[in-house]
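Residue numbers (the working numbering), protein chains in the order written: chain A, 2 to 157; chain V, 83 to 795.
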Amino acid sequence: MASIRFRLNGVEAEIDADPDASLLSILRGPMRMTGPHFGCGANECGACNVIVGDHAVAACDTPLWSVADKDITTIEGLGSVEKPHPLQRAFIAEQALQCGYCVSGILMSAAALLRRNPEPSSADVRAALDRNLCRCGSHNRMVRAVLRAAAEMATP
Amino acid sequence: MTRPAPSPSAPKLPVSLAANPTLSSWLRFSPQGHVKVSPGKVEIGQGIVTALAQIAADELDVDIGRVQMVRASTAGSPNEGVTSGSLSVQQSGRAIRHVCAEVRQIFLGLASDRLGVAIDALAIEDGTISGPGNIRTSYWELADEVSLERDATPGAVPKPSTQRTLAGHSIARVDIPDKVFAHRRFIHDSALPGMLHGRVLRSELTAARLVDMPKDRARAVHGLVAIVRDGNFAGVVSQTEEGAEAALGALRRSATWSAGETLPDEDRLAEWLKAQPVESTLIDNRMASQTSETQRTIRRQYTRPYLAHASIAPSCALAQWSGERVRVWTHSQGVYFLRSDLALVLKLPVENITVEHMEGAGCYGHNAADDVALDAVILAKAASGRPVRVQWSRADEMSHAPFGAAMAIEIEADLDAQGEIVGWRHSIWGNGHTARPGRAAQPALLAATELSNPFPRMISTNPPQANGGGADRNSIPLYDFPSWTIESHRLTTMPIRTSALRTLGAQGNVFAIESFLDELAAGRGEDPVAFRLRHLSDSRARDVIKSVAKRVGWKPDQQAGIGYGLGFARYKNTGAYCAVVAEIEGAEDIRVKRLTIAVDVGEAINPDGVVNQIEGGAIQATSWVLKERVRFDRQRITSNTWTDYPILRFSEVPEVEVELIQRPDSEPLGAGEAAHGPVTAAIANAVFDALGVRVRNLPITRDSLIAAMESTS
Chain A
2 MASIRFRLNG VEAEIDADPD ASLLSILRGP MRMTGPHFGC GANECGACNV
52 IVGDHAVAAC DTPLWSVADK DITTIEGLGS VEKPHPLQRA FIAEQALQCG
102 YCVSGILMSA AALLRRNPEP SSADVRAALD RNLCRCGSHN RMVRAVLRAA
152 AEMATP
Chain V
83 MTRPAPSPSA PKLPVSLAAN PTLSSWLRFS PQGHVKVSPG KVEIGQGIVT
133 ALAQIAADEL DVDIGRVQMV RASTAGSPNE GVTSGSLSVQ QSGRAIRHVC
183 AEVRQIFLGL ASDRLGVAID ALAIEDGTIS GPGNIRTSYW ELADEVSLER
233 DATPGAVPKP STQRTLAGHS IARVDIPDKV FAHRRFIHDS ALPGMLHGRV
283 LRSELTAARL VDMPKDRARA VHGLVAIVRD GNFAGVVSQT EEGAEAALGA
333 LRRSATWSAG ETLPDEDRLA EWLKAQPVES TLIDNRMASQ TSETQRTIRR
383 QYTRPYLAHA SIAPSCALAQ WSGERVRVWT HSQGVYFLRS DLALVLKLPV
433 ENITVEHMEG AGCYGHNAAD DVALDAVILA KAASGRPVRV QWSRADEMSH
483 APFGAAMAIE IEADLDAQGE IVGWRHSIWG NGHTARPGRA AQPALLAATE
533 LSNPFPRMIS TNPPQANGGG ADRNSIPLYD FPSWTIESHR LTTMPIRTSA
583 LRTLGAQGNV FAIESFLDEL AAGRGEDPVA FRLRHLSDSR ARDVIKSVAK
633 RVGWKPDQQA GIGYGLGFAR YKNTGAYCAV VAEIEGAEDI RVKRLTIAVD
683 VGEAINPDGV VNQIEGGAIQ ATSWVLKERV RFDRQRITSN TWTDYPILRF
733 SEVPEVEVEL IQRPDSEPLG AGEAAHGPVT AAIANAVFDA LGVRVRNLPI
783 TRDSLIAAME STS
């Protein structure tokens with residue numbers, strides 16, 4: 002066990018846990034942060050993606066020790082009903098999902114993309130989401146939603 | 083002897099309502115100004131609760147924001163069987179429309195009494211019933227005076243389509259905000275007070291016996307509550323999810339399993355399917371009164387592999403015992419059916435078991451949702467009344483859940499001297515396409531076969547053609563051929579577990595029929611659109627084909643490396659009409675660039691919801707066609723990761739354009755499975771157009787293309 006500190010959705014957090022535990026198990030377990038979803042446990046589907054620093058990573062494959070002193074953003078920190086992120090607004094506007102289980106991870110991959118590339122092309126979006134799996138076939142709506150959010154964010 | 087003339091179209095209740103006639107089981111008003119609508123169908127990501135809310139709000143004239151959709155539960159929901167077969171709008175939608183129409187009339191009648199004006203003089207706006215001179219009351223005011231504990235009566239008349247303001251419009255789905263804001267809507271994210279975590283130990287080997295399972299290592303894992311063993315079923319219960327995983331890992335390292343059953347040779351699947359013991363059924367037979375003489379007969383064989391449901395979420399369930407009663411939370415597609423099977427396994431009356439639905443990820447048919455519910459029920463017995471949450475691993479989800487059945491399909495066409503089709507024989511070999519729970523005297527749940535007093539493994543069967551058929555779904559041609567014989571040979575052995583996957587056999591049959599027709603048209607030098615239209619008299623069928631052909635400017639000019647192909651079907655021959663043109667490019671690796679689709683679902687309750695379903699179905703079918711095949715060696719399923727069972731990725735997804743042909747006065751038809759067959763065939767036909775190669779064995783990969791080229795040359 003070790004005490005590890007990080008910033009979670011802008012708030013200082015400290016947790017006593019096995020440093021080799023996966024970030025996902027810590028988020029979903031003791032921290033009750035259930036937005037990141039378990040899909041495969043092997044960094045193959047993206048359902049658990051969160052942003053660490055500036056990059057979307059699979060929380061299931063991220064050991065707790067590696068996020069010490071880092072900034073972590075989960076879907077819970079992206080926006081809320083009262084203050085939605087443009088991506089969340091756009092996913093609603095485009096009705097860009099069916100079952101929605103993959104969506105929290107996809108939103109985080111998309112948010113990381115827009116941080117580093119505010120004006121992505123459709124191909125950029127597809128490349129950024131290529132490690133996220135969607136089984137319902139909502140891909141094209143999601144790409145449209147990300148482009149809509151980017152356009153909205155670019156409008157002063 | 084004379085018979086009384088049948089009364090002309092006596093009004094009948096919709097089928098779901100006839101089975102559950104009590105009005106209050108479907109609809110209640112709350113004094114707070116809400117309408118609680120309680121369907122027996124469940125949300126599986128298809129948007130059904132929104133479509134049903136639209137129907138209710140429309141018929142009652144209330145704002146859709148007042149409609150609260152109740153999750154299905156055996157504690158009180160109408161029993162609508164299983165949410166499958168693209169039937170939810172047809173069954174639940176018609177029932178709710180009828181209930182709301184009748185309840186509206188009941189309230190209008192009462193309001194008329196109270197207000198002293200004729201019903202005709204009353205109007206309803208957002209639940210407020212008003213009449214001349216500013217007199218008014220409302221559903222909520224009158225709710226206490228009206229008992230809906232009465233049976234629905236035939237003859238309630240819903241509004242004409244022209245007076246509907248919500249049905250027919252693309253209302254935003256009610257569940258989407260929760261999902262983009264990560265509110266806890268999924269069963270996976272739910273926690274009950276005092277909840278423990280369970281995991282089940284399963285061998286990779288098929289039907290292996292658990293010979294020895296030393297418990298010492300697992301006992302040493304922090305947080306362990308119980309180790310459960312009953313025959314070949316074993317699992318752990320822990321205070322935490324990580325503890326459960328760790329204890330499971332410890333058990334796995336210690337356990338010894340016997341050899342399992344032998345699996346077929348995956349490279350000789352068609353031969354294997356055709357060599358097994360079967361039950362043969364004549365599906366349909368049509369004899370022409372006068373046929374031209376057969377000049378030659380062409381025979382082709384098509385295959386499709388086993389396909390995985392491959393839900394993004396591993397299956398999950400919660401269970402809690404209280405004495406001899408158990409409560410179960412599940413993402414099963416049929417809460418009552420699951421309850422029946424649980425009762426068989428537990429040897430308890432169904433009244434002792436409550437099964438409640440909670441949303442899971444898209445399942446696309448009978449996946450492990452029901453299996454994990456029994457796992458949770460068994461493990462929760464060791465939890466002293468505390469609730470237990472069980473979640474499968476990705477590997478178990480990809481190897482122990484039922485698969486869509488592999489199929490071998492042979493079609494023979496007899497051609498006359500002019501090359502016209504005068505005879506047609508279609509034969510299917512494969513396992514049955516359904517082994518769902520709740521239908522038989524034995525349970526269909528995996529753990530039931532593992533207990534020390536095991537139930538036999540259920541061999542999957544096929545629903546009758548009258549219910550859409552199983553392996554034979556869409557095997558009867560919609561085309562006007564003068565004669566045909568359709569047969570289905572269902573395997574009576576089942577080394578690889580199969581059950582319902584989206585479309586059942588329709589994807590394979592439509593692939594076969596539409597590929598063969600394309601080949602026959604090409605053999606005559608006839609355009610495939612013209613060829614199909616010449617054999618189709620159903621005007622709605624013709625319309626979707628003509629629409630899609632017009633939209634793509636059929637046929638676009640030939641370009642090197644680009645191909646166009648057409649596929650068409652009416653799902654189940656009674657459901658939605660769908661025609662697809664695929665545009666593909668490539669030589670060794672095929673890329674589907676664009677799918678252009680025309681679809682007719684009759685009345686589209688939520689047009690954008692229909693388009694979403696068609697797009698999703700088209701993309702999923704493209705994934706099946708280009709990538710998917712359950713892999714196995716002679717002992718185990720080997721495709722138990724996303725690496726070994728790849729699905730289509732964002733960069734590989736085609737553009738999808740959907741034209742919805744609106745028919746507001748026709749019965750609404752489901753959209754979830756309409757596109758799979760036509761898309762499959764359209765891609766295969768486009769591959770031929772581009773490369774001159776007929777791929778008859780799915781999936782269409784580099785390997786199958788090379789194999790097809792070699793067999794042609």
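Idealized CB from N, CA, C, for every residue including glycine. What you are looking at is a predicted structure, and each value in this text was computed from that prediction instead of being measured.
{"Check": "Minimum Cβ-Cβ distance from Ile201(V) to chain A less than 7 Å", "Outcome": "no"}
{"Check": "Test: Leu130(A) CB closer than 7 Å to a CB of chain V", "Outcome": "yes"}
{"Check": "Ala59(A) to Ser793(V) span [Cα, whole Å]", "Outcome": "44 Å"}
{"Check": "Beta-carbon spacing of Glu95(A), Arg142(A) below 7 Å", "Outcome": "yes"}
{"Check": "Option nearest Thr567(V) by Cα separation, candidates Val712(V), Trp506(V), Asp347(V), Thr720(V)", "Outcome": "Trp506(V)"}
{"Check": "Contact check, Glu596(V) vs Gly550(V), beta carbons under 7 Å", "Outcome": "no"}
{"Check": "Sequence-distant residues of the same chain with beta carbon closer than 8 Å to Gln136(V), five excluded per side", "Outcome": "Ile146, Leu248, Ala249, His251, Ile253, Ile687, Asn688"}
{"Check": "Beta carbon proximity, Val256(V) to chain A, threshold 7 Å", "Outcome": "no"}
{"Check": "Any 3 or more C-beta pairs closer than 8 Å across the segment 99-119 of chain A and the segment 32-50 of chain A", "Outcome": "yes"}
{"Check": "Proximity test, Cβ basis, 7 Å: Val104(A) and chain V", "Outcome": "yes"}
{"Check": "Rounded C-alpha distance that separates Ala69(A) from Arg745(V)", "Outcome": "59 Å"}
{"Check": "Range covered by the beta strand (DSSP E) that runs through Trp800(V)", "Outcome": "Since the displayed chain V opens at 83 and closes at 795, residue 800(V) lies outside it and no answer follows."}
{"Check": "8 Å Cβ cut-off: residues of chain A touching Asn694(V)", "Outcome": "Gln96, Gln99, Ser139, Arg142"}
{"Check": "Residues near Arg291(V) by beta carbon distance below 8 Å, same chain, minus five either side", "Outcome": "Asn314, Trp339, Ser340"}
{"Check": "Min CB distance Arg616(V) to chain A below 7 Å", "Outcome": "no"}
{"Check": "Element boundaries [beta strand (DSSP E), containing Ser597(V)]", "Outcome": "Taken as a continuous stretch (DSSP letters only), Ser597(V) belongs to no beta strand (DSSP E), being part of the alpha helix (DSSP H) at 588-606."}
{"Check": "At least three beta-carbon pairs within less than 8 Å, the segment 541-556 of chain V to the segment 640-654 of chain V", "Outcome": "yes"}
{"Check": "Distance, Glu569(V) Cα to Asp35(V) Cα", "Outcome": "Residue 35(V) lies beyond the stretch modelled for chain V, which goes from 83 to 795, so this question has no answer here."}
{"Check": "Strand pairing of Ala308(V), partner residues [DSSP]", "Outcome": "Val319(V)"}
{"Check": "Ala112(A): first and last residue of the uninterrupted alpha helix (DSSP H) it sits in", "Outcome": "104-117"}
{"Check": "Close Cβ partners of Met791(V) (< 6 Å) along its chain, the five nearest in sequence each way excluded", "Outcome": "Val775"}
{"Check": "Cβ pair count under 8 Å reaching 3, the segment 485-495 of chain V against the segment 427-440 of chain V", "Outcome": "no"}
{"Check": "Among Pro610(V), Ala588(V), Ala488(V), Ser534(V), nearest to Met576(V) - alpha-carbon criterion", "Outcome": "Ala488(V)"}
{"Check": "Reduced DSSP category for Gln383(V) - H, G, I as helix; E, B as strand; rest coil", "Outcome": "strand"}
{"Check": "Nearest to Asp312(V) (by Cα), restricted to the options Asp294(V), Ala101(V), Ile782(V)", "Outcome": "Asp294(V)"}
{"Check": "Residue burial classification, Arg616(V) (beta-carbon count within 10 angstroms, cutoff 16)", "Outcome": "exposed"}
{"Check": "Span of the beta strand (DSSP E), counted from its first residue to its last, around Trp403(V)", "Outcome": "398-404"}
{"Check": "Below-7 Å beta-carbon distance, Ala443(V) vs any chain A residue", "Outcome": "yes"}
{"Check": "For Leu677(V): DSSP bridge partner residues", "Outcome": "Ala664(V), Val738(V)"}
{"Check": "Contact check, Ala138(V) vs Ile178(V), beta carbons under 7 Å", "Outcome": "yes"}
{"Check": "Listed by chain order, chain V residues near Ile76(A) by CB distance under 7 Å", "Outcome": "Ala264"}
{"Check": "Cross-strand partners of Pro546(V) (DSSP beta bridge)", "Outcome": "DSSP, once it has assigned bridges, lists no residue as partnering Pro546(V)."}
{"Check": "contact_flag[the segment 412-420 of chain V, the segment 149-157 of chain A] where n(CB pairs < 8 Å) is 3 or more", "Outcome": "no"}
{"Check": "DSSP-derived helix/strand/coil call for Ala87(V)", "Outcome": "Legend: pLDDT at Ala87(V) = 49, less than 50; position of this residue unreliable, value from coordinates given subsequently. DSSP places Ala87(V) in coil when its eight states are reduced to three."}
{"Check": "Cα-Cα separation between Val360(V) and Asp19(A), rounded to whole angstroms", "Outcome": "55 Å"}
{"Check": "Amino acids of chain V, ordered along the chain, whose beta-carbon sits closer than 8 Å to that of Val82(A)", "Outcome": "Pro259, Phe263"}
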